[in-house]
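Peer 1:
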Amino acid sequence: MSYDQAEQLRNRLSPERTAKTIAVCSGKGGVGKSNFTLNFSMKLAQENHKILVFDLDVGMGNIDLLLGMQTDYSIADVLNNKISIQDAIVKSPYGIDYIPGGSGLHDFLEINEHKKAIFYQGLEKVWREYDYVLFDMGAGVTETSLFFILAADECFIVTTPEPTSITDAYGMVKHILSNQPDMPIYTILNRSRNKTEGSNILGNFHTVIRRFLDAEARRLGCIPEDGNIMKAVMHQKPYTKLYPKTKASKAMESILQMYVNDTNKTVRKSGSFIERIKHFMKG
Numbered sequence: 001m002s003y004d005q006a007e008q009l010r011n012r013l014s015p016e017r018t019a020k021t022i023a024v025c026s027g028k029g030g031v032g033k034s035n036f037t038l039n040f041s042m043k044l045a046q047e048n049h050k051i052l053v054f055d056l057d058v059g060m061g062n063i064d065l066l067l068g069m070q071t072d073y074s075i076a077d078v079l080n081n082k083i084s085i086q087d088a089i090v091k092s093p094y095g096i097d098y099i100p101g102g103s104g105l106h107d108f109l110e111i112n113e114h115k116k117a118i119f120y121q122g123l124e125k126v127w128r129e130y131d132y133v134l135f136d137m138g139a140g141v142t143e144t145s146l147f148f149i150l151a152a153d154e155c156f157i158v159t160t161p162e163p164t165s166i167t168d169a170y171g172m173v174k175h176i177l178s179n180q181p182d183m184p185i186y187t188i189l190n191r192s193r194n195k196t197e198g199s200n201i202l203g204n205f206h207t208v209i210r211r212f213l214d215a216e217a218r219r220l221g222c223i224p225e226d227g228n229i230m231k232a233v234m235h236q237k238p239y240t241k242l243y244p245k246t247k248a249s250k251a252m253e254s255i256l257q258m259y260v261n262d263t264n265k266t267v268r269k270s271g272s273f274i275e276r277i278k279h280f281m282k283g
């Protein structure tokens, strides 16, 4: 066997690289989910991972706003076959790539099978180029967004200390686990007034999940209330970049380390993201 033949055989036998997918969700709007997604992604990228943020917060365009960037295309143009998914990817100046959101996700269930097949093929190619793909999901859940959440490898739930936010976050966890019991769930409390409050709220939240859903979620940590976050939003720059030593940025670093050093990660056994979303779309 020649060297070239041996190399081709190794390539065929070795598993193809594919991105780990994380759906970042919240039970209600206004909890800082998109800002978390962006800044967590940047911290992951600083660990030498190649990151793609997929903005699925339909109609909001929050990632564009937070980055201070304007784009010509969105996921809607991909679904309508106006451009390829590769051409929709935007490179930010902060070491991450992203796909802008749009209104087209609402119509995903209505597009024909040919367009869906092209979309899936595009996803398979793109997934090989990244280590992580993070979906910035819209608040709550729709029929289409649920498919993307359930197909992901992991789910992050972002909430705040307000009782309504906690209640809605619990409802989101319940909805996800009722449809996909093996989904690994991670929780983040945003805008915590202090460490004690944050720890108590997340602890109580996890107790409720354990008692009533018979499930275990993982605590990633709390991000404190920090005026520099809003300043960064006004400047349309990520706060971990603009204010790297602020309280929120230090908390984000702790959350990242908690995530990457989690030695008890639950690995889903039911195929890849592409296989799962095809399955869910078929019903």
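Taking full-length UniProt numbering, the leading residue of the sequence shown gets 1, the next gets one more, and so forth.
Where is the CB? At the ideal position from N, CA and C, for every residue including glycine.
Since the structure is predicted, the reported quantities are computational estimates derived from the model, not experimental observations.
Can you grab the Cα-Cα spacing for the pair D77 / V141, in whole Å?
Peer 2: Sequence index remark: in the sequence shown, residue 77 carries index 77 (1-based). Sequence index remark: in the sequence shown, residue 141 carries index 141 (1-based). The straight-line gap from Cα to Cα measures roughly 22 Å.
Peer 1: How big is the Cα-Cα spacing for T240 and G171?
Peer 2: Looking up residue 240 in the sequence shown gives position 240. Looking up residue 171 in the sequence shown gives position 171. Straight-line Cα distance between these residues: approximately 30 Å.
Peer 1: Which runs of the beta strand (DSSP E) at least 3 residues long sit entirely within the segment 32-101? Give them in chain order.
Peer 2: Counting only runs of 3 or more, we get 51-56, 97-99.
Peer 1: Please classify N261: is it buried, with 16 or more other beta-carbons within 10 angstroms of its beta-carbon, or exposed?
Peer 2: Taking the sequence shown and counting its residues from 1, one reaches residue 261 at position 261. With fewer than 16 other Cβ atoms within 10 Å, it is exposed.
Peer 1: Does the contact criterion of 3 or more C-beta pairs under 8 Å hold for the segment 110-120 versus the segment 26-44?
Peer 2: With a cut-off of 8 Å, the segment 26-44 and the segment 110-120 do not count as touching, because too few Cβ pairs lie within range.
Peer 1: On the three-state DSSP scale, how would you describe P163?
Peer 2: For the purposes of this step, residue 163 is taken as the residue at position 163 of the sequence shown. Here P163 sits in helix by DSSP.
Peer 1: Distance check for D55 and Y98, CA to CA, integer angstroms please.
Peer 2: Indexing the sequence shown from 1 puts residue 98 at position 98. Indexing the sequence shown from 1 puts residue 55 at position 55. Approximately 7 Å, taken between the alpha carbons.
Peer 1: Measure the alpha-carbon distance for G271 versus A232 and round it to whole angstroms.
Peer 2: Position 271 of the sequence shown, counted from the first residue, corresponds to residue 271. Position 232 of the sequence shown, counted from the first residue, corresponds to residue 232. One C-alpha to the other measures close to 39 Å.
Peer 1: Could you compute how far the alpha carbon of S74 sits from the alpha carbon of A88?
Peer 2: Here residue 74 is taken as the residue at index 74 of the sequence shown, counted from 1. Here residue 88 is taken as the residue at index 88 of the sequence shown, counted from 1. Rounded to the nearest angstrom, the two C-alpha atoms are 6 Å apart.
Peer 1: Between D182 and S199, what straight-line distance do the alpha-carbon atoms span, to the nearest angstrom?
Peer 2: Looking up residue 182 in the sequence shown gives position 182. Looking up residue 199 in the sequence shown gives position 199. Straight-line Cα distance between these residues: approximately 25 Å.
Peer 1: In its own chain, which residues sit with a C-beta less than 6 Å from the C-beta of F273, not counting the 5 before and 5 after it?
Peer 2: Within the sequence shown, numbered from 1, the residue matching residue 273 stands at position 273. Hits under 6 Å: T21, A151.
Peer 1: DSSP on G221, reduced to helix/strand/coil?
Peer 2: The residue labelled residue 221 in the question sits at position 221 within the sequence shown. Residue state, collapsed to three classes: strand.
Peer 1: In the structure shown, what three-state DSSP assignment does E129 receive?
Peer 2: Stepping through the sequence shown from its first residue, residue 129 is reached at position 129. Coil at E129, not helix or strand.
Peer 1: Near M42, which residues of its chain fall below 7 Å by C-beta distance, leaving aside the five closest residues on each side in sequence?
Peer 2: In the sequence shown, the residue the question calls residue 42 occupies position 42. Closer than 7 Å at the Cβ level, and outside the excluded window around M42, lie Y94, G95, I96, P238, T240, K241.
Peer 1: What residue range is occupied by the uninterrupted beta strand (DSSP E) comprising K265?
Peer 2: As a working note, residue 265 is residue 265 in the sequence shown. Neither: K265 is in no beta strand (DSSP E) and is coded neither H nor E.
Peer 1: Along the beta strand (DSSP E) that carries Q21, what are the first and last residues, could you check?
Peer 2: As a position in the sequence shown, residue 21 is number 21, starting the count at 1. Here residue 21 is Thr; the residue named in the question, Gln, does not match the sequence. Segment 20-25, the beta strand (DSSP E) holding T21.
Peer 1: In angstroms with no decimal places, state the Cα-to-Cα distance between A139 and R17.
Peer 2: By one-based count along the sequence shown, residue 139 stands at place 139. By one-based count along the sequence shown, residue 17 stands at place 17. Taking the straight line joining both Cα atoms gives about 31 Å.
Peer 1: Considering only the alpha carbon of each residue, which of R211, G221, I83, P100 lies closest to P161?
Peer 2: Your numbering for residue 161 matches position 161 in the sequence shown. Among R211, G221, I83, P100, the Cα nearest to that of P161 belongs to G221.
Peer 1: Using beta-carbon positions only, say whether D168 and N62 come within less than 8 Å of one another.
Peer 2: In the sequence shown, the residue the question calls residue 168 occupies position 168. In the sequence shown, the residue the question calls residue 62 occupies position 62. Result no, Cβ atoms of D168 and N62 do not sit closer than 8 Å.
Peer 1: Return the chain-ordered list of same chain residues with a C-beta closer than 6 Å to the C-beta of Q236, the five sequence neighbours on each side being excluded.
Peer 2: Walking along the sequence shown from the start, residue 236 turns up at place 236. Contacts found: G68.
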